[in-house]
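Enquirer: First residue of the sequence shown? That's 817 in my numbering, and the numbers climb one at a time after it.
Every residue gets a Cβ at the ideal spot worked out from N, C-alpha and C, and that includes glycine.
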Amino acid sequence: MCGLFGISGHPEAARMAYFGLYSQQHRGQESAGIVTFDGSSMHAHADMGLVPDVFDEQVLSRLTGDKAIGHIRYSTAGSSALRNAQPLVVRVRGINIALAHNGNLTNAAELHRELEEQGSIFQTNSDSETFLHLIAHNLEGHTIEEAIKAACARVRGAYSLVVLVEGRIIALRDPHGFHPLALGRVDKSWVVASETCAFDLLEAEYVRDIDPGEMLIIDGDNLNSQKIPGAGEVPMRQCIFELVYFARPDSLIFGEEVYSCRKRMGIELAKESGSEAEIVIPFPDSGIYATIGYAQGTGIPYEHAFIRNHYVGRTFIQPTQGMRNFGVKVKLNPVRSVISGKHICVIDDSIVRGTTMRTRVGKLREHGAKIVDVRISCPPVRHPCYYGVDFSSPKELVAANHPEKDLPHVLNLDSLHYLSIEGLLRTVKHPDRYCLACFDGNYPVPVNTPCGHCEHCGGKA
Ligand code: 5GP
Ligand code: MG
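(1) Can you give me the Cβ contacts of H762 inside the same chain, cut-off strictly under 6 angstroms, excluding the 5 residues immediately before and after it?
(2) Would you mind sorting A963 into buried or exposed? The rule is 16 or more other CB atoms within 10 Å of its CB.
(3) Report yes or no: do three or more beta-carbon pairs, one from the region 964-979 and one from the region 911-926, lie closer than 8 angstroms?
(4) Hey, how far is the Cα of Q1134 from the Cα of E926?
(5) By Cβ distance, which residues of its chain are closer than 8 angstroms to I1026, with the 5 residues on each side in sequence left out?
(6) Alpha carbon to alpha carbon, what distance is there between C818 and G886?
(7) What are the start and end residues of the alpha helix (DSSP H) that includes D1256?
(8) Which value, in whole angstroms, describes the spacing of the CA atoms of E1101 and P1065?
(9) Is G1170 near ligand 3 - that is, is its Cβ less than 7 angstroms away from at least one heavy atom of it?
(10) Please report the distance separating the alpha-carbon of V870 from that of K1221.
(11) Who are G1000's beta bridge partners in DSSP?
(12) Opposite V906 in the DSSP bridges: which residues?
(13) Please confirm whether Y1203 and C1251 have their CB atoms less than 8 angstroms apart.
(14) For H1159, list the residues DSSP reports as bridge partners.
(15) Could you check what DSSP says for R1064 in three-state terms: helix, strand or coil?
(16) Is A830 near L879, with beta carbons less than 8 angstroms apart?
(17) If we count the other Cβ atoms within 10 Å of its Cβ and call it buried at 16 or more, is Q840 buried or exposed?
(18) Would you mind stating whether Y1118 and K1079 have Cβ atoms separated by less than 8 angstroms?
(19) I believe R1198 touches A1215 by the beta-carbon criterion, under 8 angstroms. Please report the beta-carbon distance rounded to the nearest angstrom.
(20) What did DSSP end up calling Q845 once you bin it into helix, strand or coil?
Below, the structure written as structure tokens:
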């Protein structure tokens, strides 16, 4: 996952991009970057770290111009290094191009090989650079729009893109529409962002989503909507995990209010599996919204048994397993009086590696919890994601490595129930528009698995 931002025709473009990225910090904490265009030159700054650490007044004042794009990175493909920070900026045939990508290409390795054979020199090992080379290869005798479309015809997988080129901002979503991208309006400027929570902060009005397969060219005040190859030819496959976990609850994505959607997941979960517990608690913050729904659905009183330290980032960001355990502990601390002697039902949005569950439930038991039931507001994550979510190795997925009946024992729980796929789909308006590959192994875009066979793609690759 990553976060994207773009703004055109604003006197404070860099500062708007800063706040636009800041509000989307949950989408990536590894690196941040902004590129501006002042009518003749591009100005760029990117570094490892959080948005407020990467930018200060001095840096922002150097980023002049009324157009800006920005990116925050959560590494899924390519290593965690400054050279992979985005937006990527290149100059080809006298044209400056800056590009920011959210998603993951499934054929990047083949394209990388092919392009190198043709003489392309790669500066990074991120799949996003492949796009730039494909665009560059197709520029001769073509407009930039045509070159971008030609690049889209070659790549497979998930890509929401924001491109700054020749004074225009081009925003596009792959034909399946895996990841979100929305259009907004503030004063006399057009603005695009992965999530609408960025618009709220900037007091921009949400206009609409960029459609799957749509390429929107923002040229000054004018909008020109075109279709990329494959648009309308494949089903929409929006990432359901954006709704389950990733997006901010105050965003509107895929036409759904994330908050209400998560609450409905809790209500559905309550219908599918109740509990005799005295209290229901979330693992904060991500579990809170489903817990509200679950408490409402079951009538079990809602309590907070863990207090969150708000100054700690998301635990996955720590690169090693040891650091990850440490991260979970430092983030949440139990409230003994709420826990001691109680039969507790815990709600979380998902179990991925099982780290959060093991450590937190261990804490509940240490503090005297009598019985611990767990209810999860999404189905078991059994299959890796090749489209941009960071659970890439099946070996790491606890539900992929144990039969469901053994999981309570493996995770030290008294009972465990997951929301069914059907239950999850009852919480959205258009259940046929989602990618569920992490739950059902049904990959909408074929993947060449790293292991070279296709047990992880349901035999479809
Ligand atoms: P686990 O600890 O089982 O590996 O991961 C599950 C927990 O991490 C849940 O509490 C969930 O909210 C959160 N989570 C799920 N997916 C992701 C992800 O892709 N990135 C991050 N940072 N956290 C995740
Ligand atoms: Mg969580």
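Expert: From the atom records:
(1) Past the edges of the chain, shown from 817 to 1277, lies residue 762, and the structure says nothing about it.
(2) The residue is buried, with at least 16 neighbouring Cβ atoms inside 10 Å.
(3) Because the criterion of three Cβ pairs below 8 angstroms is met, the region 964-979 and the region 911-926 touch.
(4) Low per-residue confidence applies at Q1134: pLDDT is 48, beneath 50, and the placement is therefore not dependable enough to give any value.
(5) Contacts found: S976, A987, L988, R989, L997, A998, L999, V1008, L1032.
(6) In this structure, the alpha-carbon of G886 lies about 11 angstroms from that of C818.
(7) Counting along the chain, the alpha helix (DSSP H) containing D1256 begins and ends at 1253-1256.
(8) Looking at the sequence shown, residue 1101 is not Glu but Asp. D1101 and P1065 have their C-alpha atoms some 10 angstroms from each other.
(9) Here the bound small molecules are ligand 1 and ligand 2; ligand 3 is not part of this structure.
(10) Their Cα atoms are separated by approximately 46 angstroms.
(11) V1007, Y1022.
(12) V906 has I913 as its beta-bridge partners, per DSSP.
(13) Cβ distance < 8 angstroms, so Y1203 and C1251 count as in contact.
(14) Note: H1159 sits in a beta bridge opposite I1187.
(15) Residue state, collapsed to three classes: coil.
(16) At a Cβ-Cβ threshold of 8 angstroms, A830 and L879 count as neighbours.
(17) For Q840, the number of other beta carbons within 10 angstroms of its own is at least 16, and it is reported as buried.
(18) Result no, Cβ atoms of Y1118 and K1079 do not sit closer than 8 angstroms.
(19) Yes, R1198 and A1215 are in contact; Cβ-Cβ is about 5 angstroms, under 8 angstroms.
(20) DSSP places Q845 in coil when its eight states are reduced to three.
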